[in-house]
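K.L.:
Mind the numbering: the sequence shown is residues 6 to 250 in this note's numbering, read in order.
We treat Cβ as the ideally placed atom computed from N, Cα and C, and that holds for glycine.
Since the model is a prediction, treat every value here as computed from it, not as a measurement.
Could you have a look at this structure, given as structure tokens, before my questions?
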Amino acid sequence: MVEAWLETLMGAYNRDSYEQREGYMAQIHMPGEVFQSLVWWALQSLPDEILVGLDVDPNRLHRPEVETYFDGPEVHDHLFQGQGHIINEAHIVNRGDSYSVHHLPEDWTDDMFSTQRGSRAGRFTHWLHTHPNAPAIPSGADADAAQETTGVDMILGLRFSPEGPLPWFDDVEGTRRAMKSSEPTKRKRSFFARHQLPVLGKAPSGHRIHELQLIAFHKTGVGINVIFVDEEGWPYGWDERVSMS
Ligand SMILES: [Zn+2]
Numbered sequence: 006m007v008e009a010w011l012e013t014l015m016g017a018y019n020r021d022s023y024e025q026r027e028g029y030m031a032q033i034h035m036p037g038e039v040f041q042s043l044v045w046w047a048l049q050s051l052p053d054e055i056l057v058g059l060d061v062d063p064n065r066l067h068r069p070e071v072e073t074y075f076d077g078p079e080v081h082d083h084l085f086q087g088q089g090h091i092i093n094e095a096h097i098v099n100r101g102d103s104y105s106v107h108h109l110p111e112d113w114t115d116d117m118f119s120t121q122r123g124s125r126a127g128r129f130t131h132w133l134h135t136h137p138n139a140p141a142i143p144s145g146a147d148a149d150a151a152q153e154t155t156g157v158d159m160i161l162g163l164r165f166s167p168e169g170p171l172p173w174f175d176d177v178e179g180t181r182r183a184m185k186s187s188e189p190t191k192r193k194r195s196f197f198a199r200h201q202l203p204v205l206g207k208a209p210s211g212h213r214i215h216e217l218q219l220i221a222f223h224k225t226g227v228g229i230n231v232i233f234v235d236e237e238g239w240p241y242g243w244d245e246r247v248s249m250s
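Below is the structure:
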């Protein structure tokens with residue numbers, strides 16, 4: 006089950022993906038269920054970043070009408086491996102700081118993963134890593150690591166509290182894709198309330214989530230448009246898409 010507040014956020018993000026479609030040559034469809042797991046794992050693994058390997062379902066293609074709806078004027082059909090297939094699996098592969106998280110443990114391609122992943126043992130198609138209390142903008146180390154990716158790389162940025170040893174770090178330049186709450190923040194008069202961040206939702210780890218950011222990019226540096234889909238492959242907010250256009 007996907008939390009209702011997260012479904013709302015994913016619908017709003019999809020609206021942005023539609024509005025910004027001209028800036029993208031390709032898209033990737035991420036199930037809400039998988040994304041929710043990524044957010045929970047990110048917060049359970051603090052203060053570490055986590056590296057997650059993602060695979061696609063070879064038998065499940067993006068719904069053509071959804072693909073068409075989110076297409077920009079310029080489409081590249083063969084940009085990366087797994088393109089056009091819905092993501093269906095996620096595994097935490099490593100954890101560490103912003104540099105060590107990209108260095109895979111040696112047992113990673115060994116039997117442990119091959120039994121878990123059946124005959125398709127090998128590299129994952131896509132990769133995602135987290136930026137706890139930092140925006141989802143790739144560092145130099147992130148761009149280097151992406152060079153070996155056959156699919157796409159994703160970064161999940163989270164702003165949360167209690168922040169622990171990681172205060173929000175915002176001194177980074179780059180394109181951001183935040184998941185905003187569409188409801189206006191209720192303003193209270195007190196000094197403390199004015200300095201309070203909006204709470205999007207709560208994680209099972211007890212953290213309050215103030216902001217989520219997600220970007221996907223190909224190793225050439227071009228951005229990939231992320232569409233959040235439900236278990237049927239329909240985008241969150243699809244029924245209200247009249248208001249998307
Ligand atoms: Zn990073």
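(1) Does the stretch 42-49 come within contact of the stretch 226-240, defined as at least 3 CB pairs closer than 8 Å?
(2) Measuring alpha carbon to alpha carbon, tell me which of Ala208, His134, Pro172 ends up nearest Ala148.
(3) Would the stretch 221-239 and the stretch 31-44 be scored as touching if the rule is three or more Cβ pairs under 8 Å?
(4) Check whether the Cβ atoms of Val177 and Pro140 sit closer than 7 Å, and answer yes or no.
(5) Among all the DSSP beta bridges, which residues are the ones paired with Gly162?
(6) Between which residues of its own chain and Gly156 is the CB-CB distance below 6 Å, once the five residues before and five after are set aside?
(7) Could you check what DSSP says for Val204 in three-state terms: helix, strand or coil?
(8) Could you check the C-alpha separation between Thr13 and Arg128 for me, to the nearest Å?
(9) Could you give the first and the last residue of the continuous alpha helix (DSSP H) run that contains Arg100?
(10) Residues in the same chain with beta-carbon distance under 6 Å from Ala151, minus the five sequence neighbours each way, listed in chain order, please.
(11) Keeping to the same chain, check which residues put their C-beta closer than 8 Å to that of Glu245; ignore five residues upstream and five downstream.
(12) Tell me which same chain residues have a C-beta within less than 7 Å of the C-beta of Ala146, skipping the five on either side of it?
(13) Can you list, in chain order, the residues of its chain with a C-beta nearer than 6 Å to that of His96? Leave out the 5 residues immediately preceding and following it.
P.N.:
By the coordinates alone:
(1) A contact between stretches requires three or more CB pairs, one per stretch, nearer than 8 Å, and the stretch 42-49 fails this requirement with the stretch 226-240.
(2) Here residue 148 refers to the residue found at position 143 of the sequence shown. From the listed residues Ala208, His134, Pro172, the smallest Cα separation to Ala148 is found for His134.
(3) With a cut-off of 8 Å, the stretch 31-44 and the stretch 221-239 count as touching, because enough Cβ pairs lie within range.
(4) Residue mapping note: residue 177 aligns to position 172 of the sequence shown, counting from 1. Residue mapping note: residue 140 aligns to position 135 of the sequence shown, counting from 1. Yes; because the gap between Cβ atoms is below 7 Å, this pair is in contact.
(5) Your numbering for residue 162 matches position 157 in the sequence shown. The partner list for Gly162 (beta bridge, DSSP) reads His136, Gln218.
(6) Position 151 of the sequence shown, counted from the first residue, corresponds to residue 156. Residues of the same chain with a CB within less than 6 Å of the CB of Gly156, apart from the 5 flanking positions on each side, are Phe85, Gln86, Gly87, Thr130, His131 in chain order.
(7) For the purposes of this step, residue 204 is taken as the residue at position 199 of the sequence shown. In this structure, Val204 counts as coil in the three-state DSSP scheme.
(8) In the sequence shown, residue 13 corresponds to position 8, counting from 1. In the sequence shown, residue 128 corresponds to position 123, counting from 1. Those two C-alpha atoms are separated by around 33 Å.
(9) As a position in the sequence shown, residue 100 is number 95, starting the count at 1. No alpha helix (DSSP H) holds Arg100; the beta strand (DSSP E) holding it covers 90-101.
(10) One-based indexing of the sequence shown puts residue 151 at position 146. Excluding sequence neighbours, Ala151 sits near Asp158, Lys224.
(11) Looking up residue 245 in the sequence shown gives position 240. Once the five neighbours on either side are set aside, the close Cβ partners of Glu245 are Gly16.
(12) The residue given as residue 146 occupies position 141 in the sequence shown. Answer for Ala146: Ser103, Tyr104, His107, listed in chain order.
(13) Working through the sequence shown from its first residue, we reach residue 96 at position 91. For His96, where only same-chain residues beyond five positions count, the Cβ hits under 6 Å are Gly58.
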